[in-house]
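Below: the structure, in structure tokens.
Numbering (the numbering used here), first residue to last: 12 to 615.
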């Protein structure tokens, strides 16, 4: 039975096979794309029949047109077969992607005499074959493709473009699923895991480019001097650049001839010689570009780096608490031990942290604190055991996905000033404490059916919508300074609410307090409050209305407030009428109520 493939790579030459094809095919495999490459054929399969079957089953054809491509009858026949397959099977979505590898598109299309694409130079050919090959090559040139100059093009980045084109086509035709398997090279960090030392632009564009990309796909940051520039040494000290440029290997003893470095001193040459000698003692990896498959060999280097990091982590196999407070230069969190129960990265507001993203999968983690990491924008957590999460001062945090945090009890998002909306629902079934003070861009907060007991929203000045349902256990609610809220109703939907603080509301005109377990209500500074409706607050003991300068009257009776002990209405400058009837009041403070004309007190 023949195998089914998504992609067929047509190429010529061992150099292309060991470099471009080796890396590109591995990239595609990492995305779950089944790729045919002739050197990966299983033993016992006829080469001709295997290639024929692969072409028939493939949906995407990558044709790497190198300088010596047209010298191979085999490759030319493959192109003819590919073009017949694409045109002859119109019921199946198929795509041809030409890669002009160190050859111009026009050279392939024109097939001029005495060029590398002069088909008359192919041995043992006839006119019919030449016509068939020429027509197929011209057809390939009609497709959109990629220009690839191996001397100036970073290999990894170019092959990523090709792989992305293949993936997009296969996803759009439902041949593979979209699982977000991209391998991006992230923005340059401030600090690095790996320093790659090399010389020569060709090395940078090929081996170094691929190695850097492979590290990035593993979340390992690497530094390469002058990466992406033709002048690979432009950022190095000029003496070091000259040393590398002018050093050469001597004859039999293969020593570097450092004496020929222009302008070098004896002291410098001794220092360089000592460093090179020390380097030779380290166990390394040999890389022969003439015989090595690039991806496979560079994978050994990546594994060696990963193992070095894992050796450090193995020494921490029992670690349960990791405190990295005030380590403000940290940019990544890699290789965290799975045994961790507490992780703390508390920075200072005066010296904030450099973390830009946090991606943590720690099954035993119970406490996580990431404070004043102002560049942090996204947080991805897979920690079902997490009980406490504190992200205070993460001013760049724009979104927070709390799905799967089934054990979370304490959530603190104070000073997360980029958050605009937040939802608390059944995905946080055990949440008891929520603090979002000074989230100054927060406009919408929706809370539905949780175990919340304390909620602090002080300083959320942009909050316009506060929707809550099923807060059957809420006891303490602070809304001080939420100056954009214009209307609020506190009623039987909050049956256990005991403490309510809503100071300095500048737009709130109407407030209804009805049928709760409230013991203390503080409305100081609600300067626009004109109407206050109080019903059935059977447990209320303290009511503070200081500086409610728009209130004209207030009536308090024993039936609605039977346990009220303390009433404070300092500087309610428009208050004209106050009626107190049959209450348990022990203290009343009316200082500065300059408009008060009618004070009726009965049943005391």
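We put the beta carbon where it would ideally sit given N, CA and C, even for glycine.
Classification of residue i by the beta-carbon crowding that lies within 10 angstroms, buried from 16 upward
i	result
residue 217	buried
residue 115	exposed
residue 20	buried
residue 85	exposed
residue 289	exposed
residue 364	buried
residue 318	exposed
residue 440	exposed
residue 394	buried
residue 372	exposed
residue 605	exposed
residue 77	buried
residue 626	Residue 626 lies beyond the residue range present for the chain, which begins at 12 and ends at 615; the question has no answer from this structure.
residue 261	Confidence at residue 261 is low in this model, with a pLDDT of 29, below 50, so the placement of that residue is unreliable and no value is reported for it.
residue 198	With a pLDDT of 41 at residue 198, under the threshold of 50, the modelled position of that residue is not reliable, and the figure given next carries that caveat. By the neighbour-count rule (16 or more Cβ atoms within 10 Å), residue 198 is not buried but exposed.
residue 155	exposed
residue 549	exposed
residue 117	exposed
residue 443	buried
residue 578	buried
residue 24	buried
Alpha-carbon to alpha-carbon, residue j and residue i
i	j	result
residue 616	residue 423	For the chain, the structure presents residues 12 to 615; residue 616 sits outside this window and is missing.
residue 478	residue 611	38 Å
residue 244	residue 206	Per-residue confidence for residue 244 stands at a pLDDT of 41, beneath the threshold of 50, marking its modelled position as unreliable; the derived number appears in the next sentence. Straight-line Cα distance between these residues: approximately 14 Å.
residue 253	residue 278	Per-residue confidence for residue 253 stands at a pLDDT of 44, beneath the threshold of 50, marking its modelled position as unreliable; the derived number appears in the next sentence. About 16 Å.
residue 626	residue 112	Any property of residue 626 remains undetermined from this structure, which presents the chain solely from 12 to 615.
residue 48	residue 16	10 Å
residue 2	residue 499	The requested residue 2 is not part of the displayed model; the chain covers only 12 to 615.
residue 430	residue 452	6 Å
residue 308	residue 232	19 Å
residue 41	residue 235	24 Å
residue 600	residue 572	17 Å
residue 426	residue 524	29 Å
residue 334	residue 410	25 Å
residue 552	residue 378	37 Å
residue 386	residue 96	52 Å
residue 298	residue 220	15 Å
residue 144	residue 88	7 Å
residue 531	residue 466	15 Å
residue 330	residue 336	17 Å
residue 91	residue 433	58 Å
residue 192	residue 162	Reliability of the predicted coordinates at residue 192 is poor, the pLDDT of 48 falling under 50, and the value obtained from them is presented with this limitation in mind. About 29 Å.
residue 380	residue 421	11 Å
Local conformation of residue i per DSSP, three classes
i	result
residue 600	strand
residue 152	helix
residue 66	helix
residue 317	helix
residue 557	coil
residue 522	strand
residue 86	helix
residue 29	helix
residue 114	coil
residue 214	helix
residue 590	strand
residue 34	helix
residue 457	strand
residue 174	helix
residue 77	coil
residue 516	coil
residue 287	helix
Test item: CB-CB of residue i and residue j under 8 Å
i	j	result
residue 383	residue 399	no
residue 468	residue 485	no
residue 73	residue 110	yes
residue 81	residue 130	yes
residue 482	residue 511	no
residue 514	residue 533	yes
residue 312	residue 222	yes
residue 418	residue 445	no
residue 564	residue 546	no
residue 376	residue 354	yes
residue 79	residue 127	yes
residue 503	residue 519	no
residue 476	residue 455	yes
residue 493	residue 474	yes
Cβ-heavy atom distance, residue i to the ligand NAP, below 7 Å
i	result
residue 492	This structure lacks the ligand NAP, and indeed carries no ligand of any kind.
Quick one: any contact between the stretch 331-344 and the stretch 66-79, if contact means 3 or more CB pairs under 8 Å?
no
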